[in-house]
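For reference, the structure is listed below as structure tokens.
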Amino acid sequence: MASEQSPQSSNPAIEETDPEGEPGAAADAGPADGARSRREKAAALRHLMATEGKTVGENTRGFNESTEEAISHISNYEDLRERARVIKEEAIAELPDLIDRVTEAVEANGGSVYVAEDAADANEHIASLMDEHSAQKMVKSKSMTTEELELNAALEAEDFDVVETDLGEWVIQIAEEAPSHLIGPAIHKPPEEIATLFNEHFDPAEPFNGDPDELTQFARDKVGEHIEEADVGLTGANFVTAESGSIALVTNEGNARKTAVTPPTHVAVTGVEKLLPSVRELAPFVELIGRTGTGQDITSYVSLLTPPTDSPVLDFEDPEKPMAEGDRDFHLVLVDNGRLAMREDAQLKETLYCIRCGACNNSCANFQSVGGHGFGGETYTGGIGTGWEAGIEGLDSAGDFNDLCTGCSRCVNKCPVKIDIPWINTVVRDRVNRGGEGSDYSFLVEGLTPDSEPEGIDVQKRLFGNIESLAKLGSATAPLSNWLTGTRPVRILLDRALGVDARRELPQWRRETFREWASGRDSIPGAEREVLVYPDLYTNYVLPERGKAAVRVLEALGVGVTVPEVGESGRAPLSQGMIATADRKASAVYADLAEHVDTGRDVVVIEPSDLAMFRNDYEKLLSEESFERLRDSSYEVMEYVYGLLENGADREALPKANGTRELAYHSHCQQRTLGLEPYTTAVLSDLGYDVTTSEVECCGMAGSFGYKSEYYEVSMDVGQQLKDQFEAERANGRRIVASGTSCGDQLEALFGDAPPHPIELLDPR
Amino acid sequence: MSLEVSPDAESMATFESTLEERDLAASVTVASAAEFPDALSELLVSPVVAADLPFEGVSYDNVDSEITLSPSPAELDAARTGITAAGLGVADYGTVTIRSTPGGEEFVSLYPERHVVVVAASDIVPDMPTAFGRLAEEFAAGYTSQILATGPSATGDMGGIVKGVHGPQEAHVMILEDR
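Protein chains in written order, with the numbering used here: chain A, 153 to 917; chain B, 2 to 180.
Laid out in structure tokens, this is it:
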């Protein structure tokens with residue numbers, strides 16, 4: 153039988169707790185409130201894009217390109233990631249033991265260890281350390297954990313002086329803002345704005361104009377004075393090694409080095425999840441963290457400190473006194489604040505493997521547009537920020553920005569510890585869905601929503617998650633359905649009630665589906681190879697031409713084709729966080745395909761996001777055996793054509809390039825994550841096309857994302873990157889082609905005409 | 002007769018080329034123990050502070066500059082060059098390791114704008130896994146605080162890459178041969 157799972161109940165990803173008991177984000181009370189909150193969200197994001205978007209975009213894209221480059225310098229990137237992943241899995245598994253061991257080691261070295269339960273506990277303890285050392289002034293190197301604790305405010309409330317020493321963090325402290333990025337706190341500030349800030353704050357004799365050298369020199373000198381005056385230096389820790397009681401600090405400026413050793417008392421504050429067994433386990437992380445973070449092979453400094461260190465003591469109050477051996481003090485503060493509970497949470501646990509490099513911030517198209525002040529919660533930003541916020545602050549904070557993750561998966565291959573970041577976002581979305589209040593207006597989509605979701609789920613998500621029902625109805629009643637949804641009153645209603653942006657063209661449902669077309673014809677007789685072409689929702693109901701082209705191409709290459717009766721893959725509900733519904737669909741799809749697969753038929757998939765379900769997401773939704781069987785039999789259509797041609801199929805059966813030979817190809821985000829873009833470009837080149845490809849992470853549409861009223865403008869802003877790239881290509885006469893349905897919709901919105909799928913260029917018809 | 006390149010020689014060549022190609026060092030000098038005083042003298046801008054060198058037969062005697070060991074805060078602030086040894090060189094990263102000892106390497110390598118680091122050719126290892134194998138041994142031997150330093154200190158926080166922030170602006174690497 154296809155799947156052993158009872159999809160409603162057995163999936164561990166689904167929260168079984170009483171939804172009423174969940175501290176969820178409130179769902180919309182009704183269309184008016186829903187529309188208002190969507191409008192407010194759109195306005196907030198619009199403001200961020202206008203004020204911070206440009207600088208964030210330039211900086212994150214810069215980091216992202218450097219990361220690509222730095223990864224390309226090594227041949228064992230995947231091996232390093234695998235090792236890093238295993239080390240983290242094991243370390244989190246034995247975390248309580250590591251806490252005991254590090255405590256023993258640090259105490260043996262002459263330091264102290266305190267495990268703080270929550271932020272208040274940590275802050276109180278750190279304040280008590282200040283008192284213990286009769287300290288007034290603390291200098292700090294950058295630490296996201298202390299941002300999470302809101303340590304500065306807590307210490308200032310006790311009248312201590314606190315000065316940040318990382319230049320970006322110092323700028324943020326002066327500006328009284330929150331960091332907008334895990335590793336680049338002031339990444340949203342252009343130098344001119346920093347100059348203005350310094351001019352206002354310090355009133356220099358000669359005003360700054362935004363020269364980075366001048367600003368750096370000024371900031372370094374000012375911060376340097378603070379470091380020399382400080383009584384206590386506080387650092388974070390990127391890693392802590394239990395065996396030796398050491399901390400590792402990964403930095404470029406040198407401020408963390410100075411902060412750790414210049415004052416005689418060093419306090420290190422870090423999350424408990426940073427523990428590793430010993431210094432040996434650091435090696436893969438040292439090779440990875442610079443590459444995936446700032447895009448450096450390694451940062452300027454990786455400090456391995458086992459404090460109190462043997463460094464002599466300097467007394468800046470007695471500047472003529474030579475450095476000499478003296479007493480140093482060290483206090484390690486390990487912060488729980490929800491982490492040990494995350495460790496017990498099967499789905500959020502993976503978040504604890506995060507080394508906070510920021511790669512998922514930089515590689516995210518939406519983050520590049522809005523930055524961490526939009527794509528972030530109380531403390532943490534970007535894709536992984538949702539997991540951290542859900543575990544530390546709760547679902548409210550995570551739910552505020554969780555929907556900005558479109559599941560495009562571009563962060564996945566950049567994560568140095570192989571965290572399935574889109575999955576964490578999906579799980580959090582599912583929990584938010586389940587924590588909401590009931591909606592009076594769900595009747596609007598009732599009958600269209602045969603899902604397994606709770607009452608309270610946002611109607612907009614329910615609509616997009618149940619797109620298959622809509623497609624069936626739309627197709628059965630086409631063209632009437634298309635005329636109706638094309639009218640202004642209906643579009644206004646859709647926008648106000650369901651958050652479907654009126655500025656977007658809606659799909660035009662086709663009366664004759666791809667499957668209906670296929671079922672009315674015979675495939676080639678006596679073929680040695682038989683395949684299924686999966687009639688994904690869009691190919692089936694909206695774009696049957698690309699399905700027909702796929703069938704004809706495969707047949708021309710000697711392959712018999714069946715288009716089975718099978719439902720939507722579950723991608724649509726999964727992208728809305730409707731895991732139970734996606735799970736049910738996955739089981740149904742597998743049940744419908746299994747017998748074919750068992751008889752040796754491969755499954756050829758046109759829509760990349762559905763292929764990504766079969767190849768990747770079904771791992772979470774099916775039994776292991778079922779998942780592997782379908783994964784190993786599934787192919788992207790151009791990948792399959794490539795394989796056929798490589799294995800001797802007759803390329804003469806396919807039309808050579810004629811007419812417009814020059815193409816500009818936009819692959820699909822999930823297709824690229826799976827490493828499948830090269831097959832398309834190889835086949836097209838083989839047939840005589842000259843192909844250039846887009847270099848953006850995502851087109852911005854990302855399935856339903858670009859249709860949503862609150863995100864339409866973000867979607868278009870992301871799309872602008874693609875437009876900027878392809879506009880010139882188009883002007884030079886290149887024809888645009890794209891693999892994904894929503895990419896095609898976005899390109900049509902950007903350029904006015906719908907690009908074909910590459911398979912359509914191969915159509916021998 | 003075969004012309005086998007010893008692993009040491011290969012690592013040293015890689016180390017040098019990494020430093021140069023990635024612009025990590027303002028200069029790379031190779032010197033024997035006998036050549037050391039003169040070669041070092043060329044790299045110094047006064048005032049100079051330093052930590053003792055652990056290499057046999059190598060000292061600051063005969064170096065053509067006044068060199069202050071165990072400097073005071075005032076001397077450290079005024080210094081324009083700091084000299085320390087490196088425990089290791091890592092060939093494919095152009096990284097040196099600096100041990101934190103009572104000799105004050107951590108300050109001397111950090112405060113002055115120019116850091117001259119002396120690494121023995123025999124301490125250059127090919128890659129990071131080898132380096133961490135050695136570091137684990139050094140940890141066991143009591144050198145439990147070490148800095149992996151690669152290039153000068155730098156920041157991008159002010160809108161462009163600027164070298165020389167809280168740490169040195171220039172790193173000069175001297176490789177000590179034939180000991």
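Ideal Cβ placement from N, Cα and C applies to all residues, glycine included.
Nothing here was measured: the structure is a model prediction, and the numbers come from that model.
{"Check": "6 Å CB neighbourhood of Lys292 (chain A) in its chain, flanking five on each side removed", "Outcome": "Glu316, Leu386"}
{"Check": "For His173 (chain B), the residue or residues it bridges with in DSSP", "Outcome": "B:Ser28, B:Val117"}
{"Check": "Amino acids of chain A, ordered along the chain, whose beta-carbon sits closer than 8 Å to that of Glu171 (chain B)", "Outcome": "What Glu171 (chain B) touches in chain A: nothing, since even the nearest Cβ is about 12 Å away."}
{"Check": "The region 455-471 of chain A in contact with the region 490-510 of chain A per 3-pair CB rule at 8 Å", "Outcome": "no"}
{"Check": "Proximity test, Cβ basis, 7 Å: Phe16 (chain B) and chain A", "Outcome": "no"}
{"Check": "Entirely enclosed alpha helix (DSSP H) segments - the region 732-807 of chain A, minimum 4 residues", "Outcome": "760-764, 770-773, 776-785, 789-798"}
{"Check": "Where Ala623 (chain A) falls: helix, strand or coil (DSSP)", "Outcome": "helix"}
{"Check": "Nearest-angstrom Cβ-Cβ length linking Pro907 (chain A) and Ala883 (chain A), presumed shorter than 8 Å", "Outcome": "Incorrect: roughly 16 Å between the Cβ atoms, too far for contact."}
{"Check": "Sheet register partners of Glu814 (chain A) (DSSP bridge)", "Outcome": "A:Asp842"}
{"Check": "Below-7 Å beta-carbon distance, Arg228 (chain A) vs any chain B residue", "Outcome": "What sits at residue 228 (chain A) in the sequence shown is Asn, not Arg. It does not; no Cβ of chain B falls within 7 Å."}
{"Check": "Nearest-angstrom Cα separation, counted from Ala330 (chain A) out to Glu747 (chain A)", "Outcome": "55 Å"}
{"Check": "6 Å Cβ shell around Ile166 (chain A) - same chain, five flanking residues per side excluded", "Outcome": "Only weak support exists for where Ile166 (chain A) lies, its pLDDT of 43 falling under 50; the coordinates are left without a value."}
{"Check": "Whole alpha helix (DSSP H) elements within the region 26-104 of chain B, 4-residue minimum", "Outcome": "37-43, 74-79"}
{"Check": "Within 7 Å of chain A by C-beta, residues of the region 12-40 of chain B in sequence order", "Outcome": "none"}
{"Check": "Span of the alpha helix (DSSP H) around Met290 (chain A)", "Outcome": "From DSSP, Met290 (chain A) is part of no alpha helix (DSSP H) but of the beta strand (DSSP E) over 289-292."}
{"Check": "Any chain A beta carbon closer than 7 Å to Ser47 (chain B)", "Outcome": "no"}
{"Check": "Where Leu428 (chain A) falls: helix, strand or coil (DSSP)", "Outcome": "strand"}
{"Check": "Exposed unless 16 or more other CB atoms sit within 10 angstroms - verdict on Glu22 (chain B)", "Outcome": "exposed"}
{"Check": "Inter-residue Cα distance where the pair is Val118 (chain B) and Pro55 (chain B)", "Outcome": "12 Å"}
{"Check": "Exposure label - Ile251 (chain A); buried when at least 16 CB within 10 Å", "Outcome": "buried"}
{"Check": "CB contact below 7 Å: Phe468 (chain A) versus chain B", "Outcome": "yes"}
{"Check": "Spatial neighbours of His418 (chain A) in its chain, beta-carbon cut-off 6 Å, leaving aside the 5 residues before and after", "Outcome": "Gly385, Ala412, Pro459, Phe482"}
{"Check": "Rounded separation between Ser66 (chain B) and Val49 (chain B) - CA only", "Outcome": "7 Å"}
{"Check": "Under the three-state DSSP convention, the category Ser455 (chain A) falls into", "Outcome": "strand"}
{"Check": "Contact set for Gly651 (chain A): own chain, Cβ-Cβ below 6 Å, skip 5 residues either direction", "Outcome": "Arg190, Gln612, Lys860, Ser861"}
{"Check": "For His277 (chain A), three-class secondary structure by DSSP", "Outcome": "helix"}
{"Check": "Minimum Cβ-Cβ distance from Thr131 (chain B) to chain A less than 7 Å", "Outcome": "no"}
{"Check": "Below-7 Å beta-carbon distance, Lys613 (chain A) vs any chain B residue", "Outcome": "no"}
{"Check": "Within chain B, partners of Ile251 (chain A) - CB distance below 8 Å", "Outcome": "The premise fails here: Ile251 (chain A) is roughly 20 Å from chain B at the closest Cβ pair, so nothing lies under 8 Å."}
{"Check": "Contained alpha helix (DSSP H) runs [length at least 4] in the region 315-363 of chain A, N- to C-terminal order", "Outcome": "319-327, 343-354"}
{"Check": "Endpoints, the beta strand (DSSP E) within which Thr714 (chain A) is located", "Outcome": "711-714"}
{"Check": "Nonlocal neighbours in the same chain, by C-beta distance under 6 Å from Gly626 (chain A), ignoring five residues either side", "Outcome": "Ser633, Trp661"}
{"Check": "With 16 other Cβ atoms within 10 Å as the buried cut-off, status of Gly892 (chain A)", "Outcome": "buried"}
{"Check": "Pick from A:Trp540, A:Ser452, A:Gly529, A:Asp449 that is closest to Met494 (chain A), judged by C-alpha positions", "Outcome": "A:Trp540"}
{"Check": "Residue burial classification, Gly588 (chain A) (beta-carbon count within 10 angstroms, cutoff 16)", "Outcome": "Residue confidence is low: Gly588 (chain A) scores 43 on pLDDT, short of 50, so the model does not pin down where it sits. No coordinate-derived value is stated."}
{"Check": "With 16 other Cβ atoms within 10 Å as the buried cut-off, status of Gly871 (chain A)", "Outcome": "buried"}
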